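Going down the list, the protein sequences come from chains L and G.
With our numbering applied, the first sequence covers 132 to 527.
With our numbering applied, the second sequence covers 2 to 231.
Here a beta-carbon is modelled for each residue, glycine too, at the ideal position from N, C-alpha and C.
All figures in this text were calculated on a predicted structure; none of them were measured in a lab.
Inspection log for the structure reproduced underneath, given as structure tokens.
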Amino acid sequence: MSATTRQRLRSAGTLLAIVLLGAAVPVAVNVAADANGAFNCSAGFQVDETLTNGARWQMCWEKRAREGIVIHDVTYTPIGGQPVEVLSEAALAQIHVPYDDNGARFHDLSDFGLGGNMDALSAGDCPNGTLLSSNWICQTEAPTGYAYKSYDEVADATSLNLFSASCIGAYCYVVAWNFDDDGTIRPEVGATGTLQRYGGTPQSSWPMGGGRRAVAHMHNFYWRLDFDVDGAANDRVEELEARFAPGTGRQQLNNTRQAFSAEVARRVAAGGFRSWRVRDTVMLNGDNHPISFELLPNADNIFRGPSYEAFTQNELYVTRNRACERFASHNPTAGGCPSSLAGFANGQSLTGQDLVVWYGTSFHHLPRDEDEEHMHPHWSGFSIVPRDLTATNPAG
Amino acid sequence: MPHLTRRAWLAVGFAIAGLAALSVTIAGAQTDDTPRGTDPLSADELTAAGDLAQGSNPGEAAGLGDDDVVLLVERHEEAKADEDEGLRRADVYVYSYDDDVLTWTVVDAATGQVDQSQVVPDTQLPLIQEEEDRALEIALDDPEFAQLLATRYRQATGRDLADPATDLDIQPIVFRSDANPRAAAAGAGDCGEHRCAQLMIQSTDDLLVNLLPVIDLSSGQVLTETGFFS
Chain L
132 MSATTRQRLR
142 SAGTLLAIVL
152 LGAAVPVAVN
162 VAADANGAFN
172 CSAGFQVDET
182 LTNGARWQMC
192 WEKRAREGIV
202 IHDVTYTPIG
212 GQPVEVLSEA
222 ALAQIHVPYD
232 DNGARFHDLS
242 DFGLGGNMDA
252 LSAGDCPNGT
262 LLSSNWICQT
272 EAPTGYAYKS
282 YDEVADATSL
292 NLFSASCIGA
302 YCYVVAWNFD
312 DDGTIRPEVG
322 ATGTLQRYGG
332 TPQSSWPMGG
342 GRRAVAHMHN
352 FYWRLDFDVD
362 GAANDRVEEL
372 EARFAPGTGR
382 QQLNNTRQAF
392 SAEVARRVAA
402 GGFRSWRVRD
412 TVMLNGDNHP
422 ISFELLPNAD
432 NIFRGPSYEA
442 FTQNELYVTR
452 NRACERFASH
462 NPTAGGCPSS
472 LAGFANGQSL
482 TGQDLVVWYG
492 TSFHHLPRDE
502 DEEHMHPHWS
512 GFSIVPRDLT
522 ATNPAG
Chain G
2 MPHLTRRAWL
12 AVGFAIAGLA
22 ALSVTIAGAQ
32 TDDTPRGTDP
42 LSADELTAAG
52 DLAQGSNPGE
62 AAGLGDDDVV
72 LLVERHEEAK
82 ADEDEGLRRA
92 DVYVYSYDDD
102 VLTWTVVDAA
112 TGQVDQSQVV
122 PDTQLPLIQE
132 EEDRALEIAL
142 DDPEFAQLLA
152 TRYRQATGRD
162 LADPATDLDI
172 QPIVFRSDAN
182 PRAAAAGAGD
192 CGEHRCAQLM
202 IQSTDDLLVN
212 LLPVIDLSSG
222 QVLTETGFFS
């Protein structure tokens, strides 16, 4: 087969795949914009970006005093497919900063507020991008490398990036939401600015210039993710895990799936391979597989705090959607609402419920000389990846 | 908290509006710029909600008292089932320095209705500008703290502290003793019921002044000059 023939077949195959995928991708009714293209927000708070490869992201955003930027009605349209809702609402839900010497334990999001301390961005903050309403958000499309490479077949990928910046004390947090053209969502927080505390002992700090020491500390980031995969109804959370099969001398792995029927708190599994997916129990892709989005955690970033920080005992929580449950800690307690995640997940049935997933990841910041005068951003985050949303890779 | 006036506190609701990105009238023809759905409250909506909050403190016979503080006004998140109703309600949080009680009220600026109001225990919202100013005033009026601040500033910068207003960048954060129980044992046990502020202090050229003082706004006292260190 000549190279020309191969190329023609590849092109024909790509065209066929796009036609088939058009039929395979589910038709969703709960999307950011209705049939008339009307968003549930006004023009200044809409994001509607068709990326270079043809994939499309739509959503609304809101600035709130404590959470900062809140994303609403996140809708993804694969190449050649139909729009499907992924998240009804998503936001950072706490930044918990305990210092190694126990000299301070900040809850920055609830107690200081990311929205009330958000920096209006300038053009210099947003090269090659667009500043959204009131300059709170920079929106860009940025290359992310290969979409795939298979010998001489290659395609490039891009991502829709939205970020804001909130400065709290000496720190600035860059809160980013990255929406990749393959349907992956990558929430991230970059910690930058300058060091907040000096002092400490050799056990709790690191030597800096001029004979000073800077105190080491944690940044524990928590997100609240109101998944509505193809709408709020018919969602289920499953835990996926691969562990060595007993009796195989660590030569085989068993892959298991566990569905949660009641509110639950779970830990990442450093010794295994554990993730979680939110699947629709009705909507199928072209292969008759349930569509889902999978949360891929950081299994090596774990913090377990003291008894009065019980919310740090787990990384993943699945709860019913309750309007009063907003923050991982220091949550307002109106009407008897629990004060933290530890109280949110209390075993209530998830059957037939609108589900919320909470995820936390930690970063231990051991200061270094390079942190002065200004710190490079350290990024903490995770990924939410489509699993069986489409029957094949829409990009080819 | 006698140094603060009701008028000053009410102004806060409007400052929160970095929220107010769009300023259009609530009434009138809806355009694509008309606030709707998940938009933050507009300046007009914040004003209307703030006016309705006048009657939100159950401890007052009418209106807000001189020691009532509007801490936050922002869009009330409606239940998904109600999203198509077009509601644009506001959450209004009022803290009473008379009795250290936080009240949460849901108001509908479009109808002028107060839909619900309840006390919120064990909850602290971020400080507002007037509280931050007051915390700084209390701290600088304390001779022991002022002397320590000058010493630590000189250690950090090599310069004498001439004027805190121009030499320092101070950011207060609300302080709760339950965030660090050793603070309660060290005399800050009321923080959480009382409004307390912890000051994070830098020079204006980004050099850290290594102090984390805690000020009790309700009692007007400096609880610790240095913070609750090991």
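(request) Establish whether the CB of Y448 of chain L and some CB of chain G are separated by less than 7 Å. (result) no
(message) Is there a C-beta anywhere in chain G that falls below 7 Å from the one on P498 of chain L?
(response) no
(request) Using a Cβ cut-off of 7 Å (strictly closer), state whether P469 of chain L contacts chain G. (result) no
(request) Please decide whether A159 of chain L counts as near chain G, where near means a Cβ-Cβ distance under 7 Å. (result) Because the pLDDT at A159 of chain L is just 47, under 50, the model does not fix this residue reliably, and the value given afterwards should be weighed accordingly. No, A159 of chain L does not count as interfacial toward chain G.
(request) Please classify D81 of chain L: is it buried, with 16 or more other beta-carbons within 10 angstroms of its beta-carbon, or exposed? (result) Chain L is shown only over 132 to 527; residue 81 of chain L falls outside these bounds and no answer can be derived.
(message) Taking the alpha helix (DSSP H) that Y300 of chain G belongs to, which residues open and close that run?
(response) Only positions 2 to 231 of chain G appear in this structure, which leaves residue 300 of chain G out of reach.
(message) Using a Cβ-Cβ cutoff of 8 Å, what residues of the region 311-327 of chain L are near chain G? List them in chain order.
(response) Residues T325, L326 and Q327.
(message) Using only the alpha-carbon positions, how far apart do G478 of chain L and V395 of chain L sit?
(response) 6 Å
(message) For a cutoff of 7 Å on Cβ pairs, would you count P165 of chain G as touching chain L?
(response) no
(message) According to DSSP, V516 of chain L sits in a beta bridge with which residue or residues?
(response) L:E425
(message) Using the Cβ count rule (16 or more neighbours within 10 Å means buried), how would you classify Q148 of chain G?
(response) Around the CB of Q148 of chain G, fewer than 16 other CB atoms lie within 10 Å, so the residue is classed as exposed.
(request) Put A154 of chain L into one of helix, strand or coil per three-state DSSP. (result) In this predicted model, A154 of chain L has a pLDDT of only 42, less than 50, meaning its place in the structure is not dependable enough to derive any value.
(message) DSSP has A222 of chain L in a bridge; who is on the other side?
(response) L:R355
(message) My output table needs one value for I200 of chain L: the three-state DSSP class, helix, strand or coil.
(response) strand
(request) Give every residue of the same chain whose Cβ lies closer than 6 Å to the Cβ of G321 of chain L, excluding the five residues on either side of it in the sequence, and list them in chain order. (result) The beta carbon of G321 of chain L is closer than 6 Å to those of V305, P508 and W510 in its chain, skipping five residues each way along the sequence.
(message) Residues in the same chain with beta-carbon distance under 6 Å from P142 of chain G, minus the five sequence neighbours each way, listed in chain order, please.
(response) The displayed chain sequence assigns Asp, not Pro, to residue 142 of chain G. Closer than 6 Å at Cβ, skipping near neighbours: no residue.
(request) Examine chain L for any beta-carbon lying closer than 7 Å to the beta-carbon of Q117 of chain G, and answer yes or no. (result) no
(request) Express the C-alpha separation of Y439 of chain L and F458 of chain L in angstroms, rounding to a whole number. (result) 16 Å
(request) Please decide whether I174 of chain G counts as near chain L, where near means a Cβ-Cβ distance under 7 Å. (result) yes
(message) Using a Cβ-Cβ distance cut-off of 7 Å, determine whether E226 of chain G contacts chain L.
(response) Under the Cβ criterion of 7 Å, E226 of chain G is not counted among the residues facing chain L.
(message) So V121 of chain G contacts chain L; which residues on that side make the cut at Cβ distance below 7 Å?
(response) P463, T464 and A465
(request) Select from the region 163-190 of chain L all residues with a C-beta closer than 8 Å to any C-beta belonging to chain G, and list them in chain order. (result) F170, N171, C172, S173, A174, G175 and F176
(message) Taking 7 Å as the threshold (beta carbon to beta carbon), is R160 of chain G in contact with chain B?
(response) Among the protein chains in the structure shown, which are L and G, there is no chain B.
(message) Taking only three categories from DSSP, how would you classify N309 of chain L?
(response) strand
(request) Compute the Euclidean distance between the alpha carbons of G527 of chain L and L88 of chain G, then round it to the nearest angstrom. (result) 44 Å
(message) Against S219 of chain L, what residues of chain G qualify as contacts under a CB-to-CB distance less than 9 Å, listed in chain order?
(response) K81
(message) Buried or exposed for R155 of chain G, going by 16 or more other Cβ atoms inside 10 Å?
(response) exposed
(request) For I216 of chain G, count neighbouring C-beta atoms within 10 Å of its own C-beta (all shown protein chains included) and say buried if the count is 16 or more, exposed if not. (result) buried
(request) Just the C-alpha distance for D485 of chain L and D366 of chain L, rounded to the nearest angstrom, thanks. (result) 7 Å
(message) Is there a C-beta anywhere in chain L that falls below 7 Å from the one on T152 of chain G?
(response) So, not an interface residue.
(message) According to DSSP, simplified to helix, strand and coil, what is Y439 of chain L?
(response) helix
(message) Could you compute how far the alpha carbon of A151 of chain G sits from the alpha carbon of A82 of chain G?
(response) Roughly 57 Å between the two C-alpha positions.
(message) For L128 of chain G and E46 of chain G, I'd like the C-alpha separation in whole angstroms.
(response) 22 Å
(message) Do L72 of chain G and Y96 of chain G have their beta-carbon atoms positioned less than 7 Å apart in this structure?
(response) Yes; because the gap between Cβ atoms is below 7 Å, this pair is in contact.
(request) Give the single residue among G:A185, G:E194, G:T227 and G:L224 whose Cα lies nearest to the Cα of V102 of chain G. (result) G:E194
(request) With T289 of chain L as the anchor, note down where its beta strand (DSSP E) starts and where it stops. (result) E284 to I299
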